[in-house]
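Below is one structure, written out as structure tokens; comments come after it.
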Amino acid sequence: MGLSYYFQATVIFWRLRNYLKHDFLSDLDFPSDLQKEYYYRSNYYNRTKQYMHANHFFGELLCVLRGYKMNERERKRFANLSACAPIFDDFFDKEYEQADKIKKLLNQEKHEIAETEQQKLAVLFLDTILCDLDEKQAFLNAANSLFSAQVEAKNKQISSKFPQELWQFSRQKGGYSGLMYALLLSHTLTDEEKEIAFLLGAFGQFMDDVFDLYDDRLAGIFTLPNTAQSVSEIETVFTQIHQEILLKVNNIKQSEKIKNKFSNILQLLAAPIRLALFHYHSIELKYKIAPSQCQQLERKIWIVDMEKPTNAFKMFEISLNYLH
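37 is the number of the first residue of the sequence shown in my numbering; add one for each residue after it.
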């Protein structure tokens, strides 16, 4: 039974891979004068594909709950938001002193103040989404909430050293991001679906924080994983957010078959985190080094290479223990 979920996940992956190869760029539909700025800047293009892989799977999870697959219009919206996201990430990293301007790019002043090629691209992708959405204001509300969460996280993640406080910043940031992606789906979301989308976004942000443990610390960004005094602290939060999602799903009005399918696919998405935590445990035992002391070791020691065949097999083994 468990293997069937791997087959379904593989189908989703290959369908997405085929989409990225053939239809992705036409869905972005940007003018030729901006194409060089985006397409030939492999940093943006490659990061967009990474965003699409991660967010597409979360979108498919929400589609499991509603009972039917993602359609072409929804996938186009996902592509445009995934293309926009790394550009806005750069705004926060490199143009943070102009935070008010970043916020205006999300709202009605965006056309008047877009100056650089990157800003024009961000506005273009946002407009493509908004022109195709019925619930435009709900999407913009989530975007503005994400902006506020990012500002707070940016201010606090360079000063706070309290793991649980740092997790709340990451949770809010990831949660509103997840809600934005959920609002790209065509059906009207119930309150329960919005809550699940928020938690899935937080789950995704937690995954990023776990895998970026060393790099974030090197960049002076503090998160729960890289300030934890033990790997067990990270595991506790992972278990909490994972169980919180499953509890919400179990309480919605949906068939047990669909709930079961959702929980099993979520277990597949949780497998990389379990693998990383297993790796961090081995570091903790071997070197007597806590995650908060990660910089005492070389970066390569902390890296979990997901493309390594042995790691792929370990992840497969781990997830089989949780499928039902």
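Each residue gets a CB set at the ideal place from its N, CA and C atoms; glycine is no exception.
Please read all numbers here as calculations on a predicted model, not as lab measurements.
Its chain contains I294 as the residues whose beta carbon lies nearer than 7 Å to that of G103, once the 5 sequence neighbours on both sides are disregarded; these appear in chain order. In this structure, the CA atom of L98 is about 21 Å from the CA atom of N54.
A direct Cα-Cα distance of roughly 13 Å separates Q329 from H317.
Secondary structure of M216 (DSSP, three-state): helix. Taking a C-beta distance under 8 Å as the contact criterion, A158 and L141 qualify as a contact pair. Per DSSP, N357 lies in no alpha helix (DSSP H) and is assigned neither H nor E.
Counting C-beta atoms within 10 angstroms of its own C-beta, T263 has 16 or more neighbours from the protein chains shown and is therefore classed as buried.
Straight through space, the alpha carbons of V285 and Q44 are spaced by roughly 20 Å. Taking each of I337, E280, C120, M351 in turn and checking the Cα distance to D65, the smallest one comes out for C120. When DSSP states are grouped into helix, strand and coil, I232 belongs to the helix group. Rounded to whole angstroms, the Cβ separation of L260 and D245 is 6 Å, and the two are in contact under 8 Å. Here M342 is exposed, its C-beta having fewer than 16 other C-beta atoms within 10 Å. Distance from the Cα of A189 is smallest, within the candidate group A233, D168, D125, L162, for D125. Nearest to S266 by C-alpha distance, out of L220, Q276, K324, is K324. Where K295 is concerned, the enclosing alpha helix (DSSP H) starts and stops at 292 to 323. Only residues of its own chain outside the window of five on either side were considered, and among them L70, A150 have a CB closer than 7 Å to the CB of K156, listed in chain order. With 16 or more neighbouring CB atoms inside 10 Å of its own CB, E269 falls in the buried class. One thing to note: E110 has its Cβ within 8 Å of the Cβ of L221. Nearest C-alpha to S184 among Q332, H58, V273, G210: G210. Contact fails between the region 330 to 341 and the region 269 to 280, because fewer than three Cβ pairs, one in each stretch, are under 8 Å apart. In this structure Y217 is in contact with L117, their Cβ atoms being roughly 7 Å apart against a cut-off of 8 Å.
Taken through DSSP and simplified to helix, strand or coil, P345 comes out as helix. Assignment of F258 by DSSP, reduced to helix, strand and coil, places it in the coil class. Cβ neighbours of A115 within its own chain (closer than 7 Å, five residues either side excluded): F60, D63, L64, M88. Taking the CA atoms as reference points, E353 sits about 15 Å from L302.
For D65, no alpha helix (DSSP H) encloses it, and the DSSP letter there is neither H nor E.
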